[in-house]
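Okay, structure coming up:
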């Protein structure tokens, strides 16, 4: 069960039979491929504005603790808006229940559901659902359950249908090939992002990597992370990497499972009995019917330790053969802006290409009206522990601050936060050199301004 320090429970009813009959019921869009799951937009603020990331979640059942809920948002304050359709397979009366650390509001058919109410559902009818959540303290968690048939359970994936893509404010990018799809995969954020089911689970000092943390399981513990539905690409090879060791006489297990709407399609397991760290690997090509994925770890009574996990779709970035030269690739793309704004996401304000760029030719990007433009960098192209130089040209027509930022984040802390600030009306060059941490969750470069125009060009991130 999820472990929450503060619990706020709400029993929710929308309309008794006569009242519900008067409610207008939405008809869910009919996508080309019918998906299950719920559309989620994650915001790096507590008011559902600013930088946002979108995906399709399997259900609403998360225990983030202090970690960021999604790559691309820094650890700290955030909010989430889930939207989609609730569809029952039979006529039934249910009582939705929210358990959360933070503030949460549930809406059905546009009406806020009040505590103590029940909901009468008609078979095969679609009810528009919106759940808004705001992190208010150090830790964050939320679970949307319902009481049905005398049993309280998490509302399962099969009862949700996501919004059509055209109705989502933030584009859903799909599977990031070659990137680690797991949240808090190195357990530096303790158990954040993982769900614990029984036993004893705690973060402990790791002897695998100096000054790092591993996850200790004992007393028949089970720890699991469900992947977003939008991280599924059928027909693609997925590879799970993980490190584990067992106390003397213990048997430990790491596993990768997936299934269709009606059955489990695969469950690949690796057993570990060694008392020294072993690096294990599981490879699976997703069957065509796959709609859910999970990674889990288990222990028996004696202690098992796990560390440094990753789940990668597609290219796993293998090492080059010995004696062959390796050409470093920059994690940054399209820093010249000569054709378009591809790979850059615009959050608020205005952003456009202008001519000429720095040097009197080409194009530059101009942002205005409190705009924020961000590119999430490709982690697989970094060499951990190496030095990288970030350089750029910028100018401010009004001599007010124009900012280029570079952040590298772990699941629960910001590791690098560098700013290049431009205030000259003429083009000026600035740079900063950083050492990339050996372990991190994601990184990004962003451009920001106030209520004034800023121009940027020739942004480079190069290994030294």
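Numbering (our numbering), first residue to last: 164 to 627.
Yeah, the Cβ is synthetic: ideal placement off N, Cα and C, and Gly gets one too.
Own chain residues within Cβ distance below 7 Å of residue 498, not counting five before or after: One-based indexing of the chain shown puts residue 498 at position 335. Take residue 498, set aside five residues on each side of it, and the residues of its chain with a beta-carbon closer than 7 Å to its own are 621, 622 and 623, in chain order.
Counting C-beta neighbours from all protein chains within 10 Å, is the total for residue 439 16 or more, i.e. buried, or is it exposed? Position 276 of the chain shown, counting from 1, holds the residue named residue 439. Under this definition residue 439 is an exposed residue.
Let me know if residue 252 comes out buried or exposed under the rule of 16 or more other beta-carbons within 10 Å of its beta-carbon. One-based indexing of the chain shown puts residue 252 at position 89. That one is exposed.
Taking the continuous beta strand (DSSP E) assigned at residue 289, which residues delimit it? Stepping through the chain shown from its first residue, residue 289 is reached at position 126. Counted as a single uninterrupted DSSP element, the beta strand (DSSP E) harbouring residue 289 occupies residues 289–297.
Out of curiosity, what's the CA-to-CA distance linking residue 595 and residue 557? Working through the chain shown from its first residue, we reach residue 595 at position 432. Working through the chain shown from its first residue, we reach residue 557 at position 394. Using only the alpha carbons, I get a separation of about 14 Å.
Taking residue 226 as the reference, which of 220, 304, 551 and 403 has the closest Cα? The residue labelled residue 226 in the question sits at position 63 within the chain shown. Distance check between residue 226 and each of 220, 304, 551 and 403 places 304 closest, using alpha-carbon atoms only.
Starting from residue 635, follow its DSSP beta bridges and name the residues at the other end. Residue 635 lies beyond the residue range present for the chain, which begins at 164 and ends at 627; the question has no answer from this structure.
If you measure between the beta carbons of residue 292 and residue 248, is that distance less than 9 Å? Stepping through the chain shown from its first residue, residue 292 is reached at position 129. Stepping through the chain shown from its first residue, residue 248 is reached at position 85. Yes. Within cutoff.
Under 6 Å Cβ to Cβ from residue 568, same chain only, skipping five residues before and after it: list those, please. Working through the chain shown from its first residue, we reach residue 568 at position 405. Same-chain partners within the cutoff: 582 and 609.
Can you give me the start and stop residues for the beta strand (DSSP E) that residue 364 sits inside? One-based indexing of the chain shown puts residue 364 at position 201. Element bounds for residue 364: 363–369.
Leaving out five residues before and five after residue 240 in sequence, what residues of the same chain have Cβ atoms less than 7 Å from its Cβ? As a position in the chain shown, residue 240 is number 77, starting the count at 1. So the qualifying residues of the chain are 208, 209 and 298.
How many Å lie between residue 561 and residue 614 at the Cα? Translated into positions along the chain shown, residue 561 becomes position 398. Translated into positions along the chain shown, residue 614 becomes position 451. C-alpha separation (whole angstroms): 10 Å.
With DSSP as the reference, label residue 360 as helix, strand or coil. In the chain shown, residue 360 corresponds to position 197, counting from 1. Looking at residue 360 - three-state DSSP - the assignment turns out to be coil, as it is neither helix nor strand.
For residue 472, report the span of its beta strand (DSSP E) as first-last. Your numbering for residue 472 matches position 309 in the chain shown. Residue 472 -> beta strand (DSSP E) spans 467–476.
CA nearest to the CA of residue 409, picked from 394, 366 and 461: Position 246 of the chain shown, counted from the start, is the residue given in the question as residue 409. Ranking 394, 366 and 461 by Cα distance to residue 409 puts 461 first.
Answer yes or no: do residue 218 and residue 393 have a C-beta to C-beta separation smaller than 9 Å? Residue mapping note: residue 218 aligns to position 55 of the chain shown, counting from 1. Residue mapping note: residue 393 aligns to position 230 of the chain shown, counting from 1. Yes, these two residues count as a Cβ contact at 9 Å.
Range covered by the beta strand (DSSP E) that runs through residue 280: For the purposes of this step, residue 280 is taken as the residue at position 117 of the chain shown. Following the DSSP letters along the chain, one finds residue 280 in no beta strand (DSSP E), marked with neither H nor E.
Here's the rule: buried if 16 or more other CB atoms are within 10 angstroms of the residue's CB, otherwise exposed. What is residue 483? One-based indexing of the chain shown puts residue 483 at position 320. Because the pLDDT of residue 483 is 43, which lies under 50, any placement of that residue in the model is unreliable, and the question is left without a value.
For residue 546, does the count of other Cβ atoms within 10 angstroms reach 16, so buried, or fall short, so exposed? Residue mapping note: residue 546 aligns to position 383 of the chain shown, counting from 1. Residue 546 comes out exposed.
Does DSSP classify residue 394 as helix, strand or coil? Taking the first residue of the chain shown as position 1, residue 394 is located at position 231. Assignment of residue 394 by DSSP, reduced to helix, strand and coil, places it in the helix class.
Pick out whichever of 513, 418 and 230 has its Cα sitting closest to the Cα of residue 469. Residue numbering aside, residue 469 sits at position 306 when the chain shown is read from its first letter. Per the C-alpha coordinates, the member of 513, 418 and 230 positioned closest to residue 469 is 418.
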